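As given, the protein sequences belong to chains P and V, one line each in that order.
For the first sequence, counting from 1, position 255 maps to 1192 in our numbering; every step adds exactly one.
For the second sequence, counting from 1, position 168 maps to 195 in our numbering; every step adds exactly one.
Ideal placement from N, C-alpha and C gives every residue a C-beta, glycine not left out.
Bear in mind the structure is a predicted one, so any value in this text is a computation, not a measurement.
Take a look at the structure below.
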Amino acid sequence: MDLMLLTGLLASGVRFAMPLLFAALGETVGQKSGVLNVGLEGIMLVGAFLAVAFSVATGSPWGGLLAATLGGAAMGLLHGFFAVRLKVDQIVSGLALILLGLGLSGFGYRLIFAGHQSIRVPGFERLDLGPLSDLPVLGPLLFSHHLLAYVGIFMAVGLWWILTRTGLGLTIRAVGENPKAADSVGIDVDKVRMRCAAFGGAMAGIGGAYLSTAQLAGFVEDMVAGRGFIAIACVVFARWNPLGVLAVALIFGIADAGQIRLQPFFPQIPYQFFIILPYVLALVALAGSAKSASLPAALAQPYRKA
Amino acid sequence: MLVLDRDSRVALMALAACALLLLGLIALAGESPLRVLAILIGDGFLTRAGLADALVRSIPLTLTGLGVALSFRAGVFNIGVDGQLLIGAALAMACAPILGPLPSALALPLLLLAGTLGGAIWGGIAGILKARFGANEIIATIMLNYIAIQMVSWLIRGPLQEPMGIFPRSEKLTASLRLPILFDGTRLSAGLIVAALACVAVWFLVARSRYGYALTVTGKNADAARYGGIQPAVIAFSVLCLSGALAGLAGIVEVSGLHGRLQEGFAGGIGITAIAVALLARLSPLWVPVAAFGFAGLYVGSDAIARLTAVPFPLVHVIEGTIVLAFLVLQIMPKAKDL
């Protein structure tokens, strides 16, 4: 494979990785605090829809991003309300989010956009750093992504720092590892978890927004296509480390970009066998990384004061 | 006098908020909630055509709902019903040319068996990943869904495509491999009987067998199960096979009883509804058909709503989500004996 092709592959791999990265980073923080949210798929769908609807309404992708972030946070809070406040089964509550997300995004889409096929969505522009972006290889690889992509990479590093090096990170980890001990030193376990759940929802919303306004330009029903679940697989495979999540999301992004680019080279192989590659990769990643010691000890376990 | 604790009151308020959201969505579409409700109930349950349609749709929902209920009882979350259903239908359709010449009384059961086997294999893959490698079954079964969709997409454009080779679909099943229609003028097939038998079988398994007891114990407390000599890994693997088997059976019953051939999206969205069905039935096999009929009517009614009003069809998923949340709220309500 020549250099041009490889550069193109890696550059689009970065773009494909971003929806996973945002959602997985949010889920990492949530799970670190003990909240498991299997409903990322539904939140990403709502985020993707809100981003398109509000980009069109406000004329700017940032308006869409804001709406997606708020909508995602609201769904994260709903999950927190059931999982943390009411202490019911977190998995079932997450499943409800998937249904709600599927319904709300599909409902809104058909209500607003049905019959208007040719709506132009004001999507995110690629960054243009002039000479830097024109550099061979490095230009497309490092200096010509959407601004949001740099935010994502920055957040991976920032969250790693926060989780491992700050008091806030210690609080979050304590709540997820040993809520009783955290409670005994005066930490409001439920409050921390609620905030982490809201943060996780907001990040999944951003992931959806990236998908519909940066990676693609428009909303299609069920467009998230399992990415919400692949994001959870990323978290597990990265062993709850935000820097690891960045690496794993990039692997998935490149695999996804790669399968599309490989298709024309092997016309004798049915294209469906390429489409399944990221999903097969997720299965392999799961099988290879489960039973990890990094699993937050109190994950999915509600905390009740004695 | 029923006095609710604070949690219960808050939970009920959350449900009320969900109900308001539904009303708000209907109002947003510019329709009167009363009219929408009237169409939902009228067309979904109260007309002869609607009732027959709801019964038709309740067949796959009952079979898949039973599978989901079994797995959830064991604390194993099989979200991959759609994939198991597709692979079941596909394997059975691959066997159809061999079974075609046999007498119907022999061929039809074998066809259903092939579908069951296909679903069991697809569920079993997730089972091995969970039992042997500790992979989370929620993600594993969902990934297998997407893989199954692509496999069927390939099959109906490749090995299983009809000889004409124009449309991406399989050849129609011969009459000997079709489940007979029960009532003339409807599309209601003998799949209804298959579903009823499955209910009884699963009820027996859950309520009267050692295995059912092991399932429930594992779901309630895996450590206690281990102490009692039950291996949670074995339970996880076997229940995913069983759950997949029921989904695979649902797949071939849909093909043999309703569509007659394999085509894309012939059973879309059954898996996620099956979860709502199982939860609403509180994982009890004998309530599953009741819940399945309820959701089937909801779908038929929602079709009518989308046809007759400006309210888009996906409202049905919002209703389903609300029902799942309602299930959670009911769980924390004080039990009668506590009052």
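Using three-state DSSP, classify residue 1200 of chain P as helix, strand or coil.
-> helix
Proximal residues to residue 249 of chain V (C-beta, below 6 Å), its chain only, five neighbours per side dropped = 259
Return the bridge partner residues of residue 1083 of chain P from the DSSP annotation.
-> P:1063
Buried or exposed: residue 1062 of chain P, going by 16 or more other Cβ atoms within 10 Å of its Cβ?
-> exposed
Out of P:1240, P:1166, P:1005, point me to the one whose CA is closest to residue 162 of chain V's CA.
-> P:1166
Return no unless some Cβ of chain P is closer than 8 Å to the Cβ of residue 366 of chain V.
-> Model confidence at residue 366 of chain V stands at a pLDDT of 43, short of 50, so the residue's coordinates are unreliable and nothing is read from them.
For the segment 183 to 199 of chain V, which residues have a CB atom closer than 8 Å to at least one CB atom of chain P, in sequence order?
-> 184, 185
Just curious, the alpha helix (DSSP H) that residue 339 of chain V is in, first and last residue?
-> No alpha helix (DSSP H) holds residue 339 of chain V; DSSP gives it neither H nor E.
Beta-carbon contacts of residue 952 of chain P that lie in its chain and below 8 Å, excluding the five residues immediately before and after | 1082, 1083, 1086, 1151, 1152, 1190, 1194
Please list the residues of the segment 346 to 358 of chain V that have a C-beta atom closer than 8 Å to any C-beta atom in chain P, keeping them in chain order.
-> 346, 347, 348, 349, 351, 352, 354, 355, 356, 358
What in chain V is Cβ-close to residue 1170 of chain P, meaning under 7 Å?
-> 166
Roughly how many angstroms lie between the CA atoms of residue 363 of chain V and residue 104 of chain V, to the nearest whole one?
-> Since pLDDT at residue 363 of chain V reaches only 48, below the 50 mark, its modelled position is unreliable, and no value is offered.
Taking any Cβ of chain V, which residues in the segment 1133 to 1155 of chain P have a Cβ under 7 Å from it, in chain order?
-> none
Given a limit of 8 Å on CB to CB distance, which residues of the segment 1107 to 1131 of chain P reach chain V?
-> none
Can you find a CB in chain V that lies within less than 8 Å of the CB of residue 1176 of chain P?
-> no
Nearest to residue 52 of chain V by CA position, among V:346, V:268, V:38, is which residue?
-> V:346
One or two residues paired with residue 1152 of chain P in a DSSP bridge | The partner list for residue 1152 of chain P (beta bridge, DSSP) is empty, contrary to what the question assumes.
Proximal residues, the segment 1032 to 1048 of chain P versus chain V, C-beta separation under 9 Å = 1032, 1033, 1034, 1035, 1036, 1037, 1038, 1039, 1040, 1041, 1042, 1043, 1044, 1045, 1046, 1047, 1048
First and last residue of the alpha helix (DSSP H) that includes residue 1027 of chain P?
-> 1027 to 1050
Nearest-angstrom Cα separation, counted from residue 960 of chain P out to residue 1168 of chain P | 6 Å
Among P:969, P:1045, P:1039, which one has its Cα closest to the Cα of residue 1161 of chain P?
-> P:1039
Every unbroken alpha helix (DSSP H) within the segment 300 to 328 of chain V, with a cutoff of 4 residues, ordered by chain = none
Length of the line joining the Cα atoms of residue 1147 of chain P and residue 962 of chain P = 14 Å
Excluding the five sequence neighbours on either side, which residues of its own chain have a C-beta within less than 6 Å of the C-beta of residue 1223 of chain P, listed in chain order?
-> 1170
Coil, strand or helix - residue 216 of chain V by DSSP | strand
Cα separation between residue 1017 of chain P and residue 1100 of chain P?
-> 20 Å
If you measure from the beta carbon of residue 363 of chain V to each beta carbon in chain P, is any gap under 8 Å?
-> Interpretation of residue 363 of chain V is limited by its pLDDT of 48, a score under 50 that renders its predicted location unreliable; the figure taken from the coordinates is listed afterwards. So no, residue 363 of chain V is outside the interface.
Return helix, strand or coil for residue 258 of chain V, following the three-state DSSP convention.
-> coil
Locate the alpha helix (DSSP H) running through residue 119 of chain V, then write down its first and last residues.
-> 108 to 126
Residue 1117 of chain P versus residue 1128 of chain P: straight-line alpha-carbon distance, rounded | 14 Å
Can you say whether residue 1159 of chain P is buried or exposed, counting buried as having 16 or more other CB atoms within 10 angstroms of its CB?
-> exposed
Since I believe residue 273 of chain V is in contact with residue 94 of chain V (beta carbons under 8 Å), could you give me their beta-carbon distance rounded to a whole number of angstroms?
-> 3 Å
When DSSP labels each residue in this structure, what does residue 1176 of chain P get in the three-state scheme?
-> coil
Are the CB atoms of residue 1089 of chain P and residue 955 of chain P nearer to each other than 8 Å?
-> yes
Output, in chain order, the set of chain V residues within a Cβ distance shorter than 8 Å of residue 1027 of chain P.
-> Going along chain V, no residue has its Cβ under 8 Å from residue 1027 of chain P, so there is no contact; the nearest lies around 10 Å.
Report the rounded CA-to-CA distance for residue 69 of chain V versus residue 1221 of chain P, giving the unit in angstroms.
-> 49 Å
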